[in-house]
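Quick notes on the structure that follows.
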Amino acid sequence: MREFSYVRAADVAEAIGLAAEGPVAYLAGGTNLFDLMREEVERPRRVVDISRLPLSAIEDLRDGGLRLGALARNAHVAADDRIRRRYPVLARALLNGASPQLRNRATVGGNLLQRTRCRYFYDLGAACGKRSPGTGCDAIGGFNRGHAILGAGESCVAVHPSDMCVALAALDATVNLTGPDGDRSVPVADFHLLPGETPHIDTVLRSGELVTSVDLPPWPPARGAYVKVRDRASYAFALVSVAVLLRVEDGRIATARIALGGVAHKPWRAYAAEELLTGAAPDERTFGEAAAEAVAGARPLRHNAFKTELARRLISRTLVELS
Numbered sequence: 001m002r003e004f005s006y007v008r009a010a011d012v013a014e015a016i017g018l019a020a021e022g023p024v025a026y027l028a029g030g031t032n033l034f035d036l037m038r039e040e041v042e043r044p045r046r047v048v049d050i051s052r053l054p055l056s057a058i059e060d061l062r063d064g065g066l067r068l069g070a071l072a073r074n075a076h077v078a079a080d081d082r083i084r085r086r087y088p089v090l091a092r093a094l095l096n097g098a099s100p101q102l103r104n105r106a107t108v109g110g111n112l113l114q115r116t117r118c119r120y121f122y123d124l125g126a127a128c129g130k131r132s133p134g135t136g137c138d139a140i141g142g143f144n145r146g147h148a149i150l151g152a153g154e155s156c157v158a159v160h161p162s163d164m165c166v167a168l169a170a171l172d173a174t175v176n177l178t179g180p181d182g183d184r185s186v187p188v189a190d191f192h193l194l195p196g197e198t199p200h201i202d203t204v205l206r207s208g209e210l211v212t213s214v215d216l217p218p219w220p221p222a223r224g225a226y227v228k229v230r231d232r233a234s235y236a237f238a239l240v241s242v243a244v245l246l247r248v249e250d251g252r253i254a255t256a257r258i259a260l261g262g263v264a265h266k267p268w269r270a271y272a273a274e275e276l277l278t279g280a281a282p283d284e285r286t287f288g289e290a291a292a293e294a295v296a297g298a299r300p301l302r303h304n305a306f307k308t309e310l311a312r313r314l315i316s317r318t319l320v321e322l323s
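If you count the sequence shown from 1, position 315 lands on 315 in the UniProt record's numbering, and the numbers rise without skipping.
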């Protein structure tokens, strides 16, 4: 680990002001940042500790939604009775996302900003355009079993590791930010970026901006499920995961949302599949067609072609169980 300076911010304004003086790494739970620094994947010269800022509350919104403070611990969010009753798909994603010890430290904001667990990203001897822009991607020709099948390109095939973010994508959550230019809000579906020619840029965060909270809209009158397939039952990242919301009225599908994890550089919303489902009869044929549509654009690599069929079956089965 390289030498760095450490500052504890007294409030949000100070944290943003410190970032304005030069590049910083914000420290909350540290469950990802410490790993990156230890492996020298990230080498910040200044770390700004924001862990004691008043951003940990879970608050009711006037429209019936909830606001999750950026420093709310994953364990607290998953255990909150309002989350369990009104947003069970999020509670289930958080419980599947990490061990109890990690959930006790990890935060909502940190979960949004965690970086890929691609082995080539962590291997300083490998070519990785996400770690070192313009150097290529050894994963494309290497062992790529856990890598992307959707939305990838020639510059990067890494996947986003978060379970929470997949649920947030299905819920149409909003990320609230503050920075030198003031406050703004970004739909979670637009917060993370596909690699394109800049795989080292994961999100739309501007220099010095800080995630302050995440807003959940009122729960739609739908049934929800989060299902994750991984290599072992204990703590592991998803090979494929799916968050589904489904509401049936008068024999027709009124609401359908599908988000996938473990398959792309960001949580992947299957908008075309949702459109196919809306207004259709809730039967196995319709669900099968929607599941096939959700992975129609898949471009698997040498070792991960199984993900396409796994995702298709996972979506179809989950829709059937919710109908």
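Backbone N, C-alpha and C fix where the C-beta goes; we use that ideal spot for every residue, glycine too.
Inter-residue Cα distance where the pair is residue i and residue j
i           : j    : result
D14         : V240 : As written in the sequence, residue 14 is Glu, which differs from the Asp given in the question. Their Cα atoms are separated by approximately 40 angstroms.
E59         : A79  : 14 angstroms
G153        : P195 : 7 angstroms
L245        : N304 : 27 angstroms
Y226        : G109 : 20 angstroms
residue 331 : R8   : Residue 331 lies beyond the range of the chain shown here (1 to 323); nothing can be said about it.
Y318        : R312 : One detail in the question is off: residue 318 reads as Thr in this sequence, not Tyr. Their Cα atoms are separated by approximately 10 angstroms.
V157        : C137 : 8 angstroms
A127        : T135 : 6 angstroms
F4          : K307 : 41 angstroms
D190        : G208 : 19 angstroms
R84         : V229 : 22 angstroms
G262        : Y120 : 16 angstroms
V12         : A72  : 15 angstroms
A290        : L53  : 44 angstroms
I310        : P300 : Correcting the residue type first, residue 310 is Leu in the shown sequence and not Ile. If I take the Cα positions, the gap works out to 12 angstroms.
D202        : L124 : 19 angstroms
Cβ-Cβ distance between residue i and residue j below 8 angstroms
i    : j    : result
A270 : A238 : no
I253 : L277 : yes
A20  : P267 : no
L18  : T212 : no
C165 : V188 : yes
G97  : D163 : yes
T255 : P220 : yes
A167 : A93  : yes
A243 : A298 : no
V24  : V41  : no
R82  : T31  : no
Interface flag, residue i vs chain B, CB-CB below 8 angstroms
i    : result
P267 : Of the protein chains in this structure there is only one, and it is not chain B.
Nearest candidate by alpha-carbon position, reference residue i, set the options
i    : options               : result
H192 : R46, G151, P218       : G151
A222 : V89, E42, V24         : V89
L260 : I315, M1, P282, R62   : I315
V112 : D63, V204, R45, L95   : Correcting the residue identity first, residue 112 is Leu in this sequence and not Val. Nearest of D63, V204, R45, L95 to L112, Cα basis: V204.
D63  : P218, F287, E274      : P218
A264 : T116, R206, G30, T198 : T116
R206 : E197, D183, A273      : D183
P133 : L322, Y26, E197, F287 : E197
Any non-hydrogen atom of the ligand FMN within 7 angstroms of residue i CB
i    : result
T135 : Looking at this structure, you won't find the ligand FMN or any other ligand, since it has none at all.
Entirely enclosed alpha helix (DSSP H) segments - the region 224 to 298, minimum 4 residues: 271 to 277, 284 to 294
Do the region 135 to 152 and the region 54 to 70 touch if we need at least three Cβ pairs shorter than 8 angstroms? no
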